[in-house]
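Protein chains in written order, with the numbering used here: chain A, 25 to 288; chain B, 18 to 368; chain C, 19 to 292.
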């Protein structure tokens with residue numbers, strides 16, 4: 025069965041390869057918004073040289089890293105699952121002999137891998153060229169970073185699936201998905217670095233599953249987390265993944281039982 | 018006043034090689050690779066008010082290009098055209114109130130709105146006085162039986178219903194000229210018959226000039242006394258159906274049903290087909306299926322009754338039918354064998 | 019001639035009203051849409067404010083000042099999105115081959131295009147802009163800002179001008195579709211990127227970008243410059259103060275250029291048959 029899911033991921037990856045030019049255009053957009061963000065941060069840092077443990081170079085690295093991760097973890101406007109619910113396709117999907125959740129998970133992970141290679145990496149490389157951002161705080165950081173990134177990606181995937189499931193109960197779930205994703209982005213650090221948050225907001229963020237999606241991996245990458253704090257972050261990511269999976273499976277079961285399908 | 022007057026209309030396209038993708042799109046603007054395509058060549062046409070004309074031709078013949086030039090969507094490369102007294106290109110908006118257009122594939126109705134809302138909206142778009150609009154709508158509702166679905170959103174309508182809606186939409190402002198692009202495509206037999214009946218009716222009642230582009234030969238046979246054949250951008254034929262059939266009909270077909278026992282006794286050839294010996298000159302067996310035999314013979318070969326007599330003398334005929342060449346086959350022959358083009362080529366061109 | 023204009027405006031209102039009616043039928047969906055639109059734009063604004071938690075100023079601009087700038091951009095862009103939604107969506111019309119039908123109607127093509135895709139949910143951004151404006155005033159209360167009638171006038175003119183300029187930029191982007199539909203993502207960078215950029219003081223950007231948004235695509239005249247006037251700050255490139263009042267004129271000029279380009283695009287469509 026595992027082979028099947030690997031194949032699903034592979035197919036998803038291959039299917040994305042076709043959209044080379046759309047990806048290039050998307051890359052331009054990514055880079056452009058990164059540049060705006062960088063301009064703002066540079067201007068802000070003229071008033072104060074460090075925030076938390078982040079100096080200007082740190083904060084630029086953080087921003088480029090999170091922006092690079094967006095398409096991997098939380099691509100905007102992902103409503104693929106919601107659309108199958110709307111068209112009724114989901115009924116056939118649910119009756120397939122594979123696990124519904126695992127199927128969607130594998131699929132999205134395949135795509136995420138594509139975006140890692142063809143969007144994330146190029147974006148960060150450009151940041152490297154223009155702003156000489158950090159190349160990881162030393163070699164030791166990489167294994168931890170890759171682990172954290174993988175966990176963050178999985179969290180993102182599960183969360184997006186969860187949001188899309190809302191379409192089982194609400195017909196026009198597009199705005200809910202949009203809002204859910206925006207909130208996730210906000211608390212994951214893609215709007216602005218989480219280290220800028222006032223204490224009360226930072227506390228709120230700590231109780232939500234989103235920080236592990238992008239902020240966590242970014243902090244690991246910059247070497248801001250090590251030893252006990254690093255372990256805590258990884259465990260937290262795992263805990264949220266489990267919690268979200270439980271919710272998703274529960275909802276899927278309820279939905280399967282009373283399939284309210286809106287066709288047409 | 019002539020409804021349509023086109024003189025030597027031509028359209029040559031400079032087709033840039035489309036390179037796919039983002040970079041390709043940009044390159045196409047800066048450095049296009051171009052070749053010239055003559056879509057329409059020296060097409061002249063005169064249409065009087067009240068006529069019903071069929072426009073026929075293979076795909077890529079230049080039919081849509083011609084229609085686009087007549088409706089002002091496309092600028093001709095050469096030639097003059099006047100429709101309903103207007104220059105379609107320069108007086109596009111004024112002319113638009115005098116013509117109606119129905120595309121078989123795309124609707125002009127608003128997708129999310131109930132049909133009636135679209136029809137009401139069009140009144141304002143075309144600036145039709147309220148009284149006239151109401152009267153037209155009433156009449157069209159009756160003729161096309163719209164009442165059962167007039168309140169349904171257009172996206173929920175069946176193809177036939179949507180076509181009826183589009184026809185109504187095109188006629189609400191009393192256009193003098195109606196263009197129909199494949200109006201019966203995809204419809205079932207009943208719906209097609211209904212549409213054809215409707216078109217004949219409005220042509221009779223209102224004198225609306227109708228120009229139909231179609232691949233459906235039944236459309237042509239039922240509706241169009243005048244046929245325009247276009248191929249390779251040129252007008253190959255402009256005239257009646259019967260003449261076409263006679264000139265290019267080629268062969269007639271006699272379908273003879275023989276006695277099955279007798280068929281069994283016939284000599285069979287190498288491929289297992291029964292063989293009718295000593296057929297008269299010019300007559301040959303096109304195909305056979307059990308007791309049925311299709312015999313095709315040239316029009317000028319022998320009178321039909323003689324052939325029947327000849328067959329009757331030798332075999333027991335159970336049934337005999339004459340099949341006219343399908344206009345479909347006629348036209349196919351014309352396309353495939355470039356019959357008219359050959360003719361055109363052999364006649365010295367007159368200015 | 020004015021009669022024709024009046025008729026066109028009547029038709030415009032009617033076409034919009036038709037869509038409004040259709041959307042009002044699904045009240046719950048609409049309310050949800052407007053709410054989420056409001057919340058999403060509010061989060062963007064919140065970002066702006068949070069920057070001032072660790073930092074006292076952004077290149078000398080305090081929180082209330084940046085908030086004012088952000089609010090003005092939100093309202094202007096919101097209005098442009100509301101009325102120019104159809105233009106922004108023109109790519110779809112071309113892709114689906116629906117432009118022919120538009121040419122077959124006795125109404126100007128641009129008018130028809132601009133009445134499509136009218137979405138009430140875009141009021142979410144406008145509402146957010148107005149709330150942001152209120153918030154900005156709250157933050158500015160200590161700044162001893164003197165509100166003169168002239169300042170209010172400049173701000174109103176500015177917002178309307180920026181809406182017109184944004185719509186013109188959308189129109190330029192739409193016109194490009196007559197040549198190729200593959201580059202729409204790039205034109206999006208100009209519209210949405212432009213909006214994002216102008217939400218911050220122009221001075222944080224490279225000289226080249228500043229020149230772009232003042233002299234070429236004069237979005238700064240509808241946003242940054244009026245706000246500078248209100249806040250009694252120097253205009254970019256040492257331009258004279260009274261130039262802030264010229265925003266409607268500049269907007270009109272830019273709109274006419276965009277319109278001329280559009281007409282050229284339509285003409286090209288008719289000669290090459292797409």
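Here a beta-carbon is modelled for each residue, glycine too, at the ideal position from N, C-alpha and C. If you're wondering where the values come from, they're calculated on a predicted model, not measured in any experiment.
CA-CA distance, residue 180 of chain B and residue 169 of chain B?
14 Å
Looking at the structure shown, is residue 124 of chain B part of a helix, part of a strand, or coil, going by DSSP?
coil
Output the boundary residues of the alpha helix (DSSP H) element that contains residue 199 of chain A.
198-212
Taking 8 Å as the CB-CB cut-off, is residue 202 of chain A touching chain C?
yes
Count Cβ pairs between the stretch 67-86 of chain B and the stretch 264-271 of chain A that sit closer than 8 Å; are there 3 or more?
no
Does chain A have any CB closer than 8 Å to the CB of residue 96 of chain C?
no
Grab the span of the alpha helix (DSSP H) containing residue 280 of chain A for me, first residue to last.
252-281
Three or more C-beta pairs under 8 Å: does that hold for the stretch 123-139 of chain A against the stretch 214-232 of chain A?
no
I'd like to know whether the C-beta of residue 40 of chain A is nearer than 8 Å to at least one C-beta of chain C.
no
Could you work out which residues of chain C lie near residue 321 of chain B, taking near to mean beta carbons separated by less than 8 Å?
By Cβ distance, chain C contributes nothing, its closest Cβ being about 49 Å from residue 321 of chain B, past 8 Å.
From C:185, C:224, C:197 and C:219, pick the residue whose C-alpha is nearest to that of residue 208 of chain C; which is it?
C:185
Residue 55 of chain A: which of A:118, A:74, A:29 and A:144 sits nearest, CA to CA?
A:144
In terms of alpha-carbon separation, which member of C:41, C:275, C:27 and C:31 lies closest to residue 139 of chain C?
C:41
Positions along the stretch 77-94 of chain B whose CB lies within less than 8 Å of some CB in chain C
82, 85, 88, 89, 90, 91 and 92
Under 8 Å (Cβ pairs) to chain C, residues found in the stretch 38-62 of chain A
45, 46, 49, 50, 52, 53, 56, 57 and 60
Under 7 Å: does the beta carbon of residue 103 of chain C sit that close to some heavy atom of the ligand SAM?
The ligand SAM is absent from the structure shown, which contains no ligand whatsoever.
Identify every residue that forms a DSSP beta bridge with residue 254 of chain B.
B:246
Three CB pairs or more closer than 8 Å across the stretch 72-85 of chain C and the stretch 88-99 of chain B
no
One question on the structure: do residue 62 of chain B and residue 23 of chain B come within less than 8 Å of each other, judged by their Cβ atoms?
yes
Provide the residue span of the alpha helix (DSSP H) that contains residue 185 of chain A, from first to last.
165-189
Which value, in whole angstroms, describes the spacing of the CA atoms of residue 251 of chain A and residue 113 of chain C?
55 Å
Against chain C, does residue 68 of chain A count as a neighbour if the rule is that its beta carbon must be under 8 Å from one of theirs?
yes
Any C-beta of chain B within less than 7 Å: which residues of the stretch 118-131 of chain C qualify?
118, 119, 121, 122, 123, 124 and 125
Under the three-state reduction of DSSP, which class applies to residue 199 of chain C: helix, strand or coil?
coil
For residue 200 of chain B and residue 156 of chain B, I'd like the C-alpha separation in whole angstroms.
20 Å
Please decide whether residue 125 of chain B counts as near chain F, where near means a Cβ-Cβ distance under 8 Å.
Among the chains of the structure shown, chain F does not appear; the protein chains present are A, B and C.
Delimiting residues of the alpha helix (DSSP H) encompassing residue 198 of chain B
Looking at the DSSP string, residue 198 of chain B is not in any alpha helix (DSSP H); the run it does join, the beta strand (DSSP E), is 194-198.
Taking a Cβ distance cut-off of 8 Å, strictly less, list which residues of the stretch 20-35 of chain C are near chain B, in chain order.
25, 28, 29, 32 and 33
Backbone CA spacing between residue 210 of chain C and residue 224 of chain B [nearest angstrom]
53 Å
Counting only C-beta atoms, is residue 192 of chain A closer than 8 Å to chain C at any point?
no
For residue 58 of chain C, which residues of its own chain have a beta-carbon under 8 Å away from its beta-carbon, when the five flanking residues on both sides are left out?
142
Between the alpha carbons of residue 193 of chain A and residue 278 of chain A, how many angstroms are there, rounded?
11 Å
Option in C:261, C:55, C:62 and C:29 with minimal Cα separation from residue 214 of chain C:
C:62
Does DSSP put residue 301 of chain B in a helix, in a strand, or in coil?
strand
Taking 6 Å as the limit between beta carbons, can you name the residues of its chain near residue 336 of chain B, skipping five residues before and five after?
274
Measure from the C-beta of residue 30 of chain B to each C-beta in chain C and report whether the shortest distance is under 8 Å.
yes
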